[in-house]
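**Student:**
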Amino acid sequence: MVDDDEETHAVELCWSGGRVETIRVGRGETVVDAAETAEVAVPYGCLYGVCGTCIAELLDGEMTHRRSPRALKDRTREAGYVLLCIATPETDCRLRVGHDIQAEVVGTPWK
Amino acid sequence: MSTDKPSTKSEHSSHGDHDHHEVEGPGYPTPAAMRTEGRREKTAYVMAPRVGMANDGPDFVGVVDLDPESDTYSDIVDTIEMPNKGDELHHFGWNACSSSCHAEGLSRQYLVVPGQRSSRIHIIDAEDPRDPEMVKVIEPEEVFEYDLSAPHTVHCVPGGKIVVSMLGDAEGKLPGGFLQLDQEDFSIEGRWETDRGEMEMNYDYWYQPRHDVLISSEWAAPNTYYPGFDLDDVEAGKYGNSIHVWSWEDREHIQTLEFGEQGQIPLEVRMSHNPEETQGYVGAALSSNIIRFYERDDGTWDWDVVIDEDPREHEDWDMPVPPLITDILLSLDDQYLFFSNWLHGDVRMYDVSDSANPRLVDQIWAGGLFSDRQEVQGTEIRGAPQMLQLSRDGRRLYWTTSLFSSWDNQFFPDIAEEGSLMLKADVYPEEGRMELDEEFLVDFGDAPGGPARAHEIRWPGGDCTSDVWQ
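Encoded structure:
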């Protein structure tokens, strides 16, 4: 990883239990790749934007998806959710992460 | 006799004294031979995914000791950890089964273990049943080259091949198809099907080579079911409601049986083990009914709903909750059908000796939304009866309690924190009843390396959902 503020962005990862970790993510690098390099465990599955295991809520900053985020419905994307396996930061960012976000976003049928 | 390390012979037994067979292939010449000569299972392989868990890590194949004489009975005695995270191990199969009974030199030795989410396919050498080893990994990129993804059901087929049902294309959309592997070196040979006709969705499949038929079912596109279960997707027609009839020889789609509202999300397909039979059952998860399909005199296939369950009101839920039939299984003698109601929390046993008129004979409640029994040995039952496996002799039914990571997290979120369970019932086929064995509990919450889910179960030597007879 390039340790240069010009080339990387600070991404703050916030878990529901209060834990916070900040990692630096390179230009064009995905948050999952950067987290793996930094040995910070975040949930993920397919690694190509289809399965939604890595879904996170973008609280601050801007991110872009490197390919089509097929796991996200339009309403979910508009509500500010991103897929960390294909998302790269354009600015410093703050994200809410964790395994529980996927179910929270889809809800529970019949309940 | 205690056998912590059973010899290869004791668990991979091929057909003992069958002098009418001139060659020794893997498996058994008939379903009855497997049932009566297969001996008691001493080891189980259990898919143990950690995808989408609070403390995630690589998935593993759990090796569970099922020998009641052993000091480590009902323990996870070994784990084969995957080299990557995120696979979601789900269903798996063997390189060879009774369908290759006449293939000399072939043995049931390798497990083919796909990652449902990653599309990575692992080959594990289980020559020593208690010390399996990873020997090959087919990376997702190699699978995507065939414009397929999301590997599911694995069957070995006569002629040196392995066929895997694939639920999506390389982008996780429809259509799916079937991937064919070479039985010896596990290289990808390409697609199995020559013409998929109007088939778009795929899930499970079964085949009967004697009758030139393969039947496949439907879940949805991977990018629909992977992220979680959304009723809007059902209303939008994104979930399956049909099964497909294929010519086994020509590898062509020949007929669609469309169930409509009566068969929403038809998942597991089980045809009779008796190779003379031309019928089987599919469990429609969402509409929660069992549909029998059968060949008519004119060679076309037809279907009837033979078991129809109702949703049920629950005080904590806004709408009546369907039972959700997530797995079904036929005993090797085709006399009993078992299935699980993953939301309601029961496993049922039906007498299907009159195949079009199943008769409910017994039921066990354990976990789920409606069971009075929510603990075994003081351990909370996280989840509910799901993947089933029956002993070859039909006397022990085992099940796990996890369905699929994202769906678990919606309906039984405790599994993501504490893992799921494997349970067992003793079955008395001559009396038509079964009883939960409260002495047996495998808690995947205590798995080495941290909690895991638990999904499909198989044992060395073949089981009720692995083998097909020619």
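First to last, the protein sequences are chains A and B. Its first residue numbered 39, the first sequence is counted upward by one per residue in the working numbering. Its first residue numbered 10, the second sequence is counted upward by one per residue in the working numbering. Positions of the beta carbon are idealized from the N, C-alpha and C atoms, including for glycine.
Run through DSSP, which three-state label would I390 (chain B) get?
**Tutor:** Translated into positions along the second sequence, residue 390 (chain B) becomes position 381. Coil, per DSSP.
**Student:** Roughly how many whole angstroms lie between the Cα atoms of D336 (chain B) and W374 (chain B)?
**Tutor:** Looking up residue 336 (chain B) in the second sequence gives position 327. Looking up residue 374 (chain B) in the second sequence gives position 365. Cα to Cα, the separation comes out at about 15 Å.
**Student:** From the DSSP output, in three-state form, read off I139 (chain A) for me.
**Tutor:** Against the first sequence, residue 139 (chain A) aligns to sequence position 101. I139 (chain A): helix per DSSP, three-state reduction.
**Student:** What first and last residue would you give for the alpha helix (DSSP H) that runs through T114 (chain A)?
**Tutor:** For the purposes of this step, residue 114 (chain A) is identified with residue 76 of the first sequence, where counting begins at 1. Its alpha helix (DSSP H) spans residues D112 to E116.
**Student:** Is the shortest distance between the beta-carbon of E324 (chain B) and the beta-carbons of chain A less than 8 Å?
**Tutor:** Numbered from its first residue, the second sequence carries residue 324 (chain B) at position 315. Output row for E324 (chain B): interface = no.
**Student:** Inspect the beta-carbon positions of A245 (chain B) and Q273 (chain B) and report whether they are closer than 8 Å.
**Tutor:** If you number the second sequence from 1, residue 245 (chain B) lands on position 236. If you number the second sequence from 1, residue 273 (chain B) lands on position 264. Result no, Cβ atoms of A245 (chain B) and Q273 (chain B) do not sit closer than 8 Å.
**Student:** Anything in chain A within Cβ reach of A63 (chain B), meaning under 7 Å, just list it in chain order.
**Tutor:** Taking the first residue of the second sequence as position 1, residue 63 (chain B) is located at position 54. Those within 7 Å of A63 (chain B) in chain A are H137.
**Student:** Can you tell me where the beta strand (DSSP E) holding S349 (chain B) begins and where it ends?
**Tutor:** Within the second sequence, the letter at position 340 stands for residue 349 (chain B). Taken as a continuous stretch (DSSP letters only), the beta strand (DSSP E) holding S349 (chain B) covers Y345 to N350.
**Student:** At 9 Å on the CB atoms, spell out the chain B contacts of A79 (chain A), in chain order.
**Tutor:** By 1-based counting over the first sequence, the position of residue 79 (chain A) is 41. Those are N64, D65, G66 and K94, listed as they occur along chain B.
**Student:** Quick one: is N298 (chain B) buried, meaning 16 or more other Cβ sit within 10 Å of its Cβ, or exposed?
**Tutor:** Locating residue 298 (chain B) in the second sequence gives position 289, counting from the first residue. With 16 or more other Cβ atoms within 10 Å, it is buried.
**Student:** What are the residues in the stretch 113 to 131 of chain A lying within 9 Å of chain B by C-beta distance?
**Tutor:** Answer in chain order: T114 and C123.
**Student:** If you scan the stretch 363 to 429 of chain B from start to end, which runs of the beta strand (DSSP E) of 3 or more residues do you find wholly inside it?
**Tutor:** Within the stretch 363 to 429 of chain B, the complete beta strand (DSSP E) runs of at least 3 residues are 368 to 374, 397 to 399 and 405 to 409.
**Student:** Count the other CB atoms, across all protein chains shown, that sit within 10 Å of the CB of M91 (chain B); report buried if there are 16 or more and exposed otherwise.
**Tutor:** Taking the second sequence and counting its residues from 1, the one referred to as residue 91 (chain B) is at position 82. M91 (chain B) should be labelled buried.
**Student:** Roughly how many angstroms separate the alpha carbons of M62 (chain B) and I130 (chain B), rounded to a whole number?
**Tutor:** To locate residue 62 (chain B), count along the second sequence from 1; it is residue 53. To locate residue 130 (chain B), count along the second sequence from 1; it is residue 121. So the alpha carbons of these two residues sit roughly 21 Å apart.
**Student:** CB G90 (chain A) to CB L121 (chain A), shorter than 8 Å?
**Tutor:** Taking the first sequence and counting its residues from 1, one reaches residue 90 (chain A) at position 52. Taking the first sequence and counting its residues from 1, one reaches residue 121 (chain A) at position 83. Yes. Within cutoff.
**Student:** What is the residue span of the beta strand (DSSP E) that A159 (chain B) lies within?
**Tutor:** Numbered from its first residue, the second sequence carries residue 159 (chain B) at position 150. Unbroken beta strand (DSSP E) run through A159 (chain B): S158 to V166.
**Student:** Between A48 (chain A) and chain B, is the shortest Cβ-Cβ distance under 8 Å, so that the two count as touching?
**Tutor:** Stepping through the first sequence from its first residue, residue 48 (chain A) is reached at position 10. A48 (chain A) does not count as touching chain B.
**Student:** Can you give the Cα-Cα distance for E67 (chain A) and Q125 (chain B), rounded to whole angstroms?
**Tutor:** By 1-based counting over the first sequence, the position of residue 67 (chain A) is 29. By 1-based counting over the second sequence, the position of residue 125 (chain B) is 116. Going by the C-alpha atoms only, they are around 25 Å apart.
**Student:** Assign Q118 (chain B) to one of three DSSP states: helix, strand, or coil.
**Tutor:** Taking the first residue of the second sequence as 1, we reach residue 118 (chain B) at position 109. Coil, per DSSP.
**Student:** Using the Cα positions of W103 (chain B) and E448 (chain B), report the straight-line distance between them to the nearest angstrom.
**Tutor:** Taking the second sequence and counting its residues from 1, one reaches residue 103 (chain B) at position 94. Taking the second sequence and counting its residues from 1, one reaches residue 448 (chain B) at position 439. Cα to Cα, the separation comes out at about 30 Å.
**Student:** Where does Y290 (chain B) land, buried or exposed, given buried means 16+ other C-beta within 10 angstroms?
**Tutor:** Your numbering for residue 290 (chain B) matches position 281 in the second sequence. When all chains shown are included, Y290 (chain B) counts as buried.
**Student:** Which of the three DSSP states is assigned to D239 (chain B) in this structure?
**Tutor:** Start at 1 with the first residue of the second sequence, and residue 239 (chain B) comes out as number 230. D239 (chain B) falls in the coil class under three-state DSSP.
**Student:** Cutting at 7 Å between CB atoms, please list the residues of its own chain near A425 (chain B), excluding the five before and the five after it.
**Tutor:** In the second sequence, residue 425 (chain B) corresponds to position 416, counting from 1. The answer, listed in chain order, is G61, M62, A63, D417 and N418.
**Student:** Using the beta-carbon of each residue, which ones in chain A are nearer than 8 Å to F420 (chain B)?
**Tutor:** Position 411 of the second sequence holds residue 420 (chain B). Within 8 Å Cβ-Cβ: T146.
**Student:** Going by beta-carbon coordinates alone, are E465 (chain B) and H161 (chain B) separated by less than 8 Å?
**Tutor:** For the purposes of this step, residue 465 (chain B) is taken as residue 456 along the second sequence, with counting starting at 1. For the purposes of this step, residue 161 (chain B) is taken as residue 152 along the second sequence, with counting starting at 1. Cβ distance not < 8 Å, so E465 (chain B) and H161 (chain B) don't count as in contact.
**Student:** What is the rounded straight-line gap between the Cα of S281 (chain B) and the Cα of L338 (chain B)?
**Tutor:** By 1-based counting over the second sequence, the position of residue 281 (chain B) is 272. By 1-based counting over the second sequence, the position of residue 338 (chain B) is 329. For S281 (chain B) and L338 (chain B), the distance between alpha carbons rounds to 10 Å.
**Student:** Compare the beta carbon distance of V49 (chain A) and V63 (chain A) with 8 Å and say whether it is the shorter of the two.
**Tutor:** Along the first sequence, one-based indexing puts residue 49 (chain A) at 11. Along the first sequence, one-based indexing puts residue 63 (chain A) at 25. Their beta carbons are under 8 Å apart, which means V49 (chain A) touches V63 (chain A) by this criterion.
**Student:** Quick check: the stretch 257 to 276 of chain B against the stretch 221 to 228 of chain B, are at least 3 beta-carbon pairs closer than 8 Å?
**Tutor:** With the cut-off at 8 Å, the stretch 221 to 228 of chain B and the stretch 257 to 276 of chain B touch.
**Student:** At the 8 Å Cβ level, is G199 (chain B) part of the contact set with chain A, yes or no?
**Tutor:** Looking up residue 199 (chain B) in the second sequence gives position 190. It does not: the Cβ of G199 (chain B) has no partner Cβ on chain A nearer than 8 Å.
**Student:** Please name the residue, chosen from B:D87, B:I263, B:S108 and B:W201, that lies closest to P138 (chain B) on a Cα-to-Cα basis.
**Tutor:** If you number the second sequence from 1, residue 138 (chain B) lands on position 129. Per the Cα distances, B:D87.
**Student:** Can you list the beta strand (DSSP E) stretches of 3 or more residues lying completely in the stretch 186 to 211 of chain B, in chain order?
**Tutor:** You should have 186 to 191 and 197 to 200.
**Student:** In chain order, which alpha helix (DSSP H) runs of at least 4 residues are fully inside the stretch 45 to 102 of chain B?
**Tutor:** Here no run is fully enclosed.
**Student:** In chain B, which residues lie with their C-beta within 7 Å of the C-beta of A109 (chain A)?
**Tutor:** For the purposes of this step, residue 109 (chain A) is taken as residue 71 along the first sequence, with counting starting at 1. By Cβ distance, chain B contributes N232, Y235 and P236.
**Student:** Since C52 (chain A) sits in a beta bridge, which residues does DSSP pair it with?
**Tutor:** On the first sequence, position 14 is the one that residue 52 (chain A) refers to. For C52 (chain A), which the question treats as bridged, DSSP gives the partners A:V58 and A:R134.
**Student:** Are any of the Cβ atoms in chain C nearer than 8 Å to that of V330 (chain B)?
**Tutor:** The displayed structure is made up of protein chains A and B, and chain C is not among them.
**Student:** Relative to the C-alpha of R357 (chain B), which candidate in B:V314, B:V330 and B:L406 has its C-alpha closest?
**Tutor:** Taking the second sequence and counting its residues from 1, one reaches residue 357 (chain B) at position 348. For R357 (chain B), the nearest C-alpha among the options comes from B:L406.
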